[in-house]
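Chemist: Dropping the structure in here first, questions after.
Residue numbers (the working numbering): 21 to 160.
The structure is reproduced here in structure tokens:
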């Protein structure tokens, strides 16, 4: 109910929500802030948002994955300018970059081949698992 009134959701006859552009922009701003300030948040926030607004899960994942490097680049440049690029643990950062570059084509192929319903269920289960794990770790 809070999300419905605060973010401007209007429930239609299907499971699709109609969002106003200004609300999506505000949510994108918050998701980008959470992603850069806490190390995550863009994907878990925006992927279900795109699915709820009627995008196919494949298109939602593709859109989020296309825009996420731009968000990350802005964060890296800002942190690098403020803290200095020497503050980054390059022994950890470089292998992560290489792994991401090598596995991205495989992930895109896997998303393309996965049926829509299975992908939607997998995304929901993965996000739920990550959030439950985060709550357990935070409270223990």
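We treat Cβ as the ideally placed atom computed from N, Cα and C, and that holds for glycine. Predicted, not measured: the structure shown is a model, and the values here were computed from it.
Within 8 Å, do at least three Cβ pairs link the stretch 136–149 to the stretch 64–75?
Modeler: yes
Chemist: Assign residue 135 to one of three DSSP states: helix, strand, or coil.
Modeler: coil
Chemist: What is the DSSP secondary structure of residue 102, counted as helix, strand or coil?
Modeler: helix
Chemist: According to DSSP, simplified to helix, strand and coil, what is residue 40?
Modeler: coil
Chemist: Taking 8 Å as the limit between beta carbons, can you name the residues of its chain near residue 84, skipping five residues before and five after?
Modeler: 62, 63, 66, 67, 70
Chemist: Using 8 Å as the threshold, is the C-beta distance between residue 56 and residue 95 below it?
Modeler: yes
Chemist: With the cut-off set at 8 Å, would you say residue 137 and residue 76 are in Cβ contact?
Modeler: It is not a contact, given that the beta carbons lie outside the stated cut-off.
Chemist: So is residue 120 buried or exposed if we call it buried at 16+ other beta carbons inside 10 Å?
Modeler: exposed
Chemist: Let's test the definition: count the other Cβ atoms within 10 Å of the Cβ of residue 81 and tell me whether it reaches 16, buried, or not, exposed.
Modeler: buried
Chemist: Over what stretch of residues does the alpha helix (DSSP H) that includes residue 72 continue unbroken?
Modeler: Segment 62–72, the alpha helix (DSSP H) holding residue 72.
Chemist: Between which residues of its own chain and residue 60 is the CB-CB distance below 6 Å, once the five residues before and five after are set aside?
Modeler: none
Chemist: For residue 52, count neighbouring Cβ atoms within 10 angstroms of its own Cβ and tell me buried if that reaches 16, exposed if not.
Modeler: buried
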